[in-house]
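The structure under discussion appears below in the form of structure tokens.
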Amino acid sequence: MKSYRKELWYEIPQRRQLINITPEIQKCLAESDIREGLCLVNAMHISASVFINDDESGLHHDFEVWLEKLAPEKPYSQYRHNGYEDNADAHLKRTIMGREVLVAVSAGKLDFGPWEQIFYGEFDGMRRKRVLVKIIGE
Amino acid sequence: MKSYRKELWYEIPQRRQLINITPEIQKCLAESDIREGLCLVNAMHISASVFINDDESGLHHDFEVWLEKLAPEKPYSQYRHNGYEDNADAHLKRTIMGREVLVAVSAGKLDFGPWEQIFYGEFDGMRRKRVLVKIIGE
Amino acid sequence: MKSYRKELWYEIPQRRQLINITPEIQKCLAESDIREGLCLVNAMHISASVFINDDESGLHHDFEVWLEKLAPEKPYSQYRHNGYEDNADAHLKRTIMGREVLVAVSAGKLDFGPWEQIFYGEFDGMRRKRVLVKIIGE
């Protein structure tokens, strides 16, 4: 069994943004030299998400509006977590979007359906944060 | 390390439906000849879900009502994704329900609690779509 | 490839509670003698969750309030699942929080970011329920 590990660093210049990290995960898979196995990609921070969906800007706008409806940022005082912090909503938004994805690796490729793309979802940005890539297999 | 891969195809005759796919996953596991490992089951489409819950029709009705409350299908115009499409709500519903499940394989069985069953959740049906099964182990 | 399996039992003395189970998962990893691989931790019951977030009591209060807003416990009659049962809301709350987490194992440790902790989320307590730990690797 082979294993591969890499940290990817991101610094998003605003509070919230979704970015397509599929090309970087493909590069990791190529480096790993693993052809059959499983590829875990997870946010290492608890106010960010890694998820799979469509790379379509209208949908990304819909996600922003929807997450603000389900877990609004303001007023900050509505959340008890917001004593010294103001990011309680980011923890809730990341809960909806998910911490991690697990992608099958088949014949040396990410084994994706036609529209699947991997995104880093930042909900409390403006600082350096990490994504972990761990691949095991042969 | 052994690995096994299979695509399961579904064509749901209506927009939304939850179907129990546990027997098909058990058949895949038997074919794989893997006794200890991990079994990934994921929707290959981004408007569908694979999740684990109870096979109880009252609960499935509750899921339908609840998802329509959290991410309503109509009016279509409320979502920017719905230019040429009308399925933005399906992307949001699948986000709540999840893309994938990972099930432990122990002694050649899906290592389940007493009521765990695997479901395919279709939120934008009436066309052929796929579920991926990937099992690794020994 | 090595594999390790353990069931952890919990009996929460109230309907809902979040408890930090990270030390018990670390003990499992030490017992497994696995240094590189993947560690799956999942609720074996469909009205409970395993998730990763922050061990901060204000945030846990916020989760309670938020989940009650998204999937209220009462009135019980609002859910069709609640014929002989009263726990439909627990199935929905667990859906939001997630069934499982998958944690990379690197150099014999849970490969965590700075604040990541694993929680058992009970949403229908006052009886004995289980969490499954399955680790594979080398």
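Quick note, the sequences are listed as chains A, B and C, same order.
Every number in my numbering is 364 more than the matching position in the first sequence, counting from 1.
Every number in my numbering is 364 more than the matching position in the second sequence, counting from 1.
Every number in my numbering is 364 more than the matching position in the third sequence, counting from 1.
For glycine and all other residues, C-beta sits at the position ideal for the given N, C-alpha and C.
Fill in: Inter-residue spacing [alpha-carbon to alpha-carbon] between D418 (chain B) and P377 (chain A)
Their Cα atoms are separated by approximately 43 Å.
Practice prompt. Within its chain, find whatever has a CB closer than 7 Å to the CB of E375 (chain C); leave out the 5 residues flanking it on each side and keep chain order.
Written response: Counting only residues of its own chain and dropping the five nearest sequence neighbours on each side, E375 (chain C) has a CB closer than 7 Å to the CB of R491 and R492.
Worksheet item: Using CA coordinates, which residue listed in A:C392, A:S413, A:F476 and A:F483 is at the minimum distance from E371 (chain A)?
Response: Closest by C-alpha distance to E371 (chain A), out of A:C392, A:S413, A:F476 and A:F483, is A:C392.
Fill in: Cβ-Cβ distance between V414 (chain A) and Y484 (chain A) below 8 Å
Contact flag set, yes.
Worksheet entry | V495 (chain B) beta carbon less than 8 Å from that of I398 (chain B) | no
Worksheet entry | Per DSSP, the bridge partner or partners of A452 (chain C) | Looking at the DSSP assignment, A452 (chain C) forms no beta bridge with any residue, so it has no partner.
Item to complete: Output yes or no for whether 8 Å exceeds the beta carbon distance between G477 (chain B) and H445 (chain C).
Response: no
Worksheet item: So, does the CB of E508 (chain C) fall closer than 8 Å to a CB anywhere in chain B?
Response: The first residue shown for chain C is 365 and the last is 502, placing residue 508 (chain C) beyond what the model contains.
Discussion item. Using a 10 Å radius around the Cβ and a threshold of 16 neighbouring Cβ atoms, would you call S441 (chain C) buried or exposed?
Written reply: S441 (chain C) comes out exposed.
Worksheet item: Who are the neighbours of M490 (chain C) on chain B, taking C-beta pairs under 7 Å?
Response: Within chain B, no residue comes near M490 (chain C); the closest Cβ sits about 17 Å away, beyond 7 Å.
Worksheet item: Using a Cβ cut-off of 9 Å, which residues of the segment 403-430 of chain C contact any Cβ in chain A, in chain order?
Response: F415, I416, N417, D418, E420, S421, G422, L423, H424, H425, D426, F427, V429 and W430
Discussion item. Quick check: is the beta carbon of H474 (chain B) nearer than 8 Å to any beta carbon in chain A?
Written reply: According to the sequence provided, residue 474 (chain B) is Leu. The question's His does not apply to it. At a cut-off of 8 Å, the C-beta of L474 (chain B) has no neighbouring C-beta in chain A.
Item to complete: Would you mind reading off the limits of the alpha helix (DSSP H) that contains W373 (chain A)?
Response: Taken as a continuous stretch (DSSP letters only), W373 (chain A) belongs to no alpha helix (DSSP H), being part of the beta strand (DSSP E) at K366 to E375.
Discussion item. Using beta carbons (cut-off 8 Å, strictly below), is M365 (chain C) in contact with chain B?
Written reply: yes
Item to complete: Using beta-carbon positions only, say whether V405 (chain A) and I383 (chain A) come within less than 8 Å of one another.
Response: no
Discussion item. Using the three-state DSSP reduction, which class does V443 (chain C) fall into: helix, strand or coil?
Written reply: Checking the displayed sequence, the identity of residue 443 (chain C) turns out to be Tyr instead of Val. In this structure, Y443 (chain C) counts as coil in the three-state DSSP scheme.
Worksheet item: Can L402 (chain A) and L402 (chain C) be called in contact, C-beta distance under 8 Å?
Response: Yes, these two residues count as a Cβ contact at 8 Å.
Practice prompt. Given a cut-off of 8 Å, decide if E464 (chain C) and L431 (chain B) are closer than it, judged by their beta-carbon atoms.
Written response: In this structure, L431 (chain B) keeps its C-beta atom at 8 Å or more from the C-beta atom of E464 (chain C).
Discussion item. List, in chain order, every chain B residue whose beta-carbon is nearer than 9 Å to that of Y443 (chain C).
Written reply: Around Y443 (chain C), the beta-carbon contacts reaching into chain B at under 9 Å are G422, L423, H425, D426, V429 and W430.
Worksheet item: Using the beta-carbon of each residue, which ones in chain B are nearer than 8 Å to I460 (chain C)?
Response: Result: I460.
Worksheet entry | Proximal residues to A503 (chain A) (C-beta, below 8 Å), its chain only, five neighbours per side dropped | The requested residue 503 (chain A) is not part of the displayed model; chain A covers only 365 to 502.
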